[in-house]
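Scroll down for the structure; my scribbles are underneath it.
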Amino acid sequence: MNFHEVMNSPAYNFLRTNPRLGKRIIMLGLAGSYAYGTNNENSDIDFRGITLNTPSDLLGLTDFEQYEDKNTDTVVYGFNKIIRLFLECNPNSIEMLGLDPDQYLTLSPIGQELLEHKDIFLSKRAARSFGGYAGAQLRRLQNALARDAMPQAEREQHIYRSVTNALEDFNRKNAWTNQGNLRLYIDDSDNPDFDTEIFVDAEYRHLPLRDYMDMFGTMSNVVHEYDRIGKRNRKKDSNHLNKHAMHLIRLLITGIDILEKGEIRTYRVKELQLLRSIRRGDFMKEDGTYAQEFYDMLADYENRLKAATEKSPLPDNPDMNRVEEFVESVNRRAIDLL
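Residues in the sequence shown are numbered consecutively from 1370, following the working numbering.
Below, the structure written as structure tokens:
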């Protein structure tokens, strides 16, 4: 596929006409499955880019983080915003610095400088970011499989644990006081569709309404997600789960490379056949669960990520003096760009 022709089509005119984009774009490249090499006939085209902040952003009162065009799945980040994401080794962002040369559709001299300085953003934070994203993919996978494979009573226990964990996280973040209490428990249900059901006993006094809504919204989102996927189309969602499984392994592999070698490799040449086989569903059994071979492979990569973190030559945190020097140099030139 000729991505330059795609980029130059009328659907992408915003890249040329929007005053925050145009000649201020320093980098634009492929993202998603086309960037990883795992695309198939149903894959969407995703572009990700970086644009310089305007003088008003840097010296005045305006603020800009990103421009998003949902019709074309294109996101262009402001330079200062993407730097903050790079510093955390955010997987969806740092992979922009690891594309193959022909995967960049726009690369200005400043964009090339950014690629030459990509090592200043790499640190052991990658273990937390890539491991965390991989963990989130694994939880989605496990929860979806549990909803399909478990009897209703066991599934209710699974939901109960997830809701309880979500509630504990919410309480830690919000420093709840002694304004009351809430108790979650499972008991026999009068609902003919359920054997057992989660119940709530709640007693609060003088509790701010917004806090109350936030708390129950947190728990409601968990239950809604279970119910929504519980009614899904099996064939359609098998494709979705296999994509989750593929990204889980890909994230671990990429994180290991960063920690072991200090390299960002977005297009996974060596593992391409493996990743494509996971996405095809080669590791999914007829009952919709995954073969033990997949979980053995997952455990191996998790152990490798842990070992890579312990032995990594990368610093614990980025060298902020080098980062600030580079960012200041770029932003000085951004102010002069009219």
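The C-beta atom is built at its ideal place from N, Cα and C for all residues, glycine as well.
By the 10 Å Cβ neighbour count, where 16 or more other Cβ atoms means buried, how is residue i classified, buried or exposed?
i       : result
Asn1602 : With a pLDDT of 47 at Asn1602, under the threshold of 50, the modelled position of this residue cannot be trusted; read the value that follows with caution. Asn1602 comes out exposed.
Thr1386 : exposed
Ala1495 : buried
Met1689 : exposed
Asp1626 : buried
Gly1406 : buried
Phe1499 : buried
Pro1388 : exposed
Gly1586 : exposed
Arg1393 : buried
Glu1525 : buried
Pro1687 : buried
Ala1614 : buried
Ser1681 : buried
Ala1503 : buried
Ser1378 : exposed
His1373 : exposed
Ser1698 : exposed
Leu1474 : buried
Leu1390 : buried
Leu1706 : exposed
Lys1605 : With a pLDDT of only 49 at Lys1605, under the threshold of 50, the placement of this residue in the model should not be trusted; the figure read from the coordinates follows. Per the 10 Å Cβ criterion, exposed.
Compute the distance between the beta-carbons of residue i and residue j, then report whether it is under 8 Å.
i       : j       : result
Leu1421 : Phe1383 : no
Leu1628 : Arg1637 : no
Arg1417 : Val1375 : no
Arg1702 : Ile1479 : yes
Val1696 : Ile1463 : no
Lys1487 : Ile1633 : yes
Leu1553 : Tyr1529 : yes
Asp1559 : Phe1568 : no
Met1588 : Ala1535 : yes
Leu1576 : Gly1549 : yes
Ala1404 : Thr1623 : no
Leu1610 : Leu1510 : yes
Tyr1381 : Ile1419 : no
Ile1647 : Pro1424 : no
What are the boundary residues of the alpha helix (DSSP H) that residue i is part of?
i       : result
Phe1448 : 1448-1456
Arg1574 : Per DSSP, Arg1574 belongs to no alpha helix (DSSP H) and is neither H nor E.
Leu1484 : 1478-1485
Ile1463 : 1460-1463
Met1376 : 1372-1376
Along the chain, where does the beta strand (DSSP E) containing residue i start, and where does it finish?
i       : result
Ile1704 : Taken as a continuous stretch (DSSP letters only), Ile1704 belongs to no beta strand (DSSP E), being part of the alpha helix (DSSP H) at 1689-1705.
Asp1437 : Note that residue 1437 corresponds to Glu in the displayed sequence, not to Asp. Looking at the DSSP string, the run of the beta strand (DSSP E) that includes Glu1437 is 1435-1438.
Asp1469 : Where Asp1469 is concerned, there is no enclosing beta strand (DSSP E), given that its DSSP letter is neither H nor E.
Gly1429 : Segment: none, Gly1429 is in no beta strand (DSSP E) and carries neither H nor E.
Asp1442 : Here Asp1442 belongs to no beta strand (DSSP E), and DSSP marks it neither H nor E.
Leu1553 : 1549-1557
Given 7 Å as the limit, tell me if residue i has its C-beta closer than that to any heavy atom belonging to the ligand GTP.
i       : result
Leu1510 : Only the bare structure without any ligand can be found here, which leaves the ligand GTP out of the picture.
Self-check item: Secondary structure, alpha helix (DSSP H): runs of 4+ residues fully inside the region 1608-1677
Solution: Every alpha helix (DSSP H) stretch that sits fully inside the region 1608-1677 and reaches 4 residues is listed by chain position as 1641-1649.
Quiz prompt | Stretch pair the region 1486-1504 + the region 1453-1473: three plus CB contacts closer than 8 Å | solution = A contact between stretches requires three or more CB pairs, one per stretch, nearer than 8 Å, and the region 1486-1504 meets this requirement with the region 1453-1473.
Quiz item: Okay, do the region 1424-1434 and the region 1661-1676 touch, 3+ Cβ pairs below 8 Å being the bar?
Solution: Below 8 Å, too few C-beta pairs join the region 1424-1434 and the region 1661-1676 to call them touching: fewer than three.
Quiz item: Three or more C-beta pairs closer than 8 Å, one from the region 1434-1449 and one from the region 1646-1656: is that the case here?
Solution: The region 1434-1449 is not in contact with the region 1646-1656.
Quiz item: At which residue ranges does the region 1378-1426 contain complete beta strand (DSSP E) runs of 3 or more residues, listed in the order of the chain?
Solution: As far as the region 1378-1426 is concerned, its whole beta strand (DSSP E) runs of at least 3 residues are 1394-1400, 1415-1420.
Practice problem: Would you check if the region 1563-1570 and the region 1609-1626 touch, i.e. whether three or more CB-CB distances between them fall below 8 Å? | Solution: Touching, no.
Self-check item: Three-pair Cβ contact test at 8 Å for the region 1463-1473 versus the region 1578-1586
Solution: With a cut-off of 8 Å, the region 1578-1586 and the region 1463-1473 do not count as touching, because too few Cβ pairs lie within range.
Exercise. Answer yes if the region 1396-1411 comes into contact with the region 1673-1685, meaning at least three C-beta pairs across the two stretches below 8 Å, and no otherwise.
Key: No contact exists between the region 1673-1685 and the region 1396-1411.
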